[in-house]
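Asks: Let me give you the structure first, and then I'll get to my questions.
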Amino acid sequence: MSKKIVKKDNIEIEKELVNCQAEVVEANGKYLRALADYKNLENRINQEREMMRTVVKRDIIERLLPIVDNLEKASVFIEDPGLKLVRSTFKKELLALGMKEVELIGKKFDPTIAEVLEVIEGDEDDVVVEVSQKAYALDGRVIRHGKVVVSRKKLSINN
């Protein structure tokens with residue numbers, strides 16, 4: 034009789050072992066899913082944080098561009114080393130934030146970068162000949178469109 038009891042106990046222990054192993058597998062699966070969810074959340078938070086930095090940086094630069102414009106206009110009329118230093122330092126700091134001045138003079142007009150204020154006769158069609166307001170970009174995206182004068186090719190009448 035004692036062998037039957039031992040076999041019965043062994044069977045129960047084996048069933049319990051199988052149940053425990055199943056619980057371990059299930060708990061491990063839950064742990065791995067929770068870990069993956071955490072890593073996804075961490076990545077999403079980092080992406081959102083980076084996006085917020087970019088938005089704040091763009092907003093700050095957009096607010097400071099009129100000051101840059103005024104400093105440049107003032108430096109045309111006033112020859113002062115202090116003003117020149119302030120203007121260059123200010124621009125240097127904006128460039129350090131990632132702002133870039135978009136070169137427009139002599140380039141083919143691009144409506145995604147600038148808007149036309151005036152069209153004058155010239156040697157070539159759609160070439161920027163004068164810039165009234167500079168265009169600036171941040172991280173490859175235009176944050177302020179330039180305002181330009183564009184040339185239109187002279188029409189020659191042949192008899």
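Here the sequence shown is numbered in our numbering, starting from 34 and rising by one per residue.
Using N, Cα and C, we set each Cβ at its ideal position, and we do this for glycine too.
1) Out of curiosity, what's the CA-to-CA distance linking residue 42 and residue 57?
2) Grab the span of the alpha helix (DSSP H) containing residue 155 for me, first residue to last.
3) Looking only at DSSP bridge pairs, what is residue 132 linked to?
4) Provide the residue span of the beta strand (DSSP E) that contains residue 179, from first to last.
5) What is the DSSP secondary structure of residue 45, reduced to helix, strand or coil?
6) Could you spell out where the beta strand (DSSP E) holding residue 163 opens and where it closes?
7) Output the distance between the C-alpha atoms of residue 192 and residue 153, rounded to the nearest integer angstrom.
8) Check whether the Cβ of residue 79 sits closer than 8 angstroms to any heavy atom of the ligand MG, and report yes or no.
9) Is it buried or exposed, residue 64, if we count other Cβ atoms within 10 angstroms and call 16 or more buried?
10) Do residue 106 and residue 148 have their C-beta atoms within less than 9 angstroms of each other?
11) Between residue 173 and residue 94, what straight-line distance do the alpha-carbon atoms span, to the nearest angstrom?
12) Nearest to residue 146 by CA position, among 130, 175 and 160, is which residue?
Replies: By the coordinates alone:
1) Within the sequence shown, the letter at position 9 stands for residue 42. Within the sequence shown, the letter at position 24 stands for residue 57. Distance between the alpha carbons of residue 42 and residue 57: 22 angstroms.
2) Position 122 of the sequence shown, counting from 1, holds the residue named residue 155. According to the DSSP assignment, residue 155 belongs to no alpha helix (DSSP H) but to the beta strand (DSSP E) extending over 147-155.
3) As a working note, residue 132 is residue 99 in the sequence shown. Residue 132 pairs with 171.
4) Position 146 of the sequence shown holds residue 179. Unbroken beta strand (DSSP E) run through residue 179: 179-186.
5) Translated into positions along the sequence shown, residue 45 becomes position 12. Of the three classes helix, strand and coil, the one that applies to residue 45 here is helix, per DSSP.
6) The count along the sequence shown starts at 1 and reaches residue 163 at position 130. Element bounds for residue 163: 160-166.
7) Numbered from its first residue, the sequence shown carries residue 192 at position 159. Numbered from its first residue, the sequence shown carries residue 153 at position 120. With a pLDDT of only 48 at residue 192, under 50, the local geometry of the prediction cannot be trusted, and the value read off the model is given with reservation. If I take the Cα positions, the gap works out to 24 angstroms.
8) Within the structure as shown, the ligand MG is missing, as the structure has no ligands at all.
9) Translated into positions along the sequence shown, residue 64 becomes position 31. The residue in question, residue 64, is exposed, as its Cβ has fewer than 16 Cβ neighbours within 10 Å.
10) Along the sequence shown, read from residue 1 onward, the residue named residue 106 stands at position 73. Along the sequence shown, read from residue 1 onward, the residue named residue 148 stands at position 115. Their beta carbons are not under 9 angstroms apart, which means residue 106 does not touch residue 148 by this criterion.
11) In the sequence shown, the residue the question calls residue 173 occupies position 140. In the sequence shown, the residue the question calls residue 94 occupies position 61. Roughly 14 angstroms separates the two Cα atoms.
12) Here residue 146 refers to the residue found at position 113 of the sequence shown. Nearest of 130, 175 and 160 to residue 146, Cα basis: 175.
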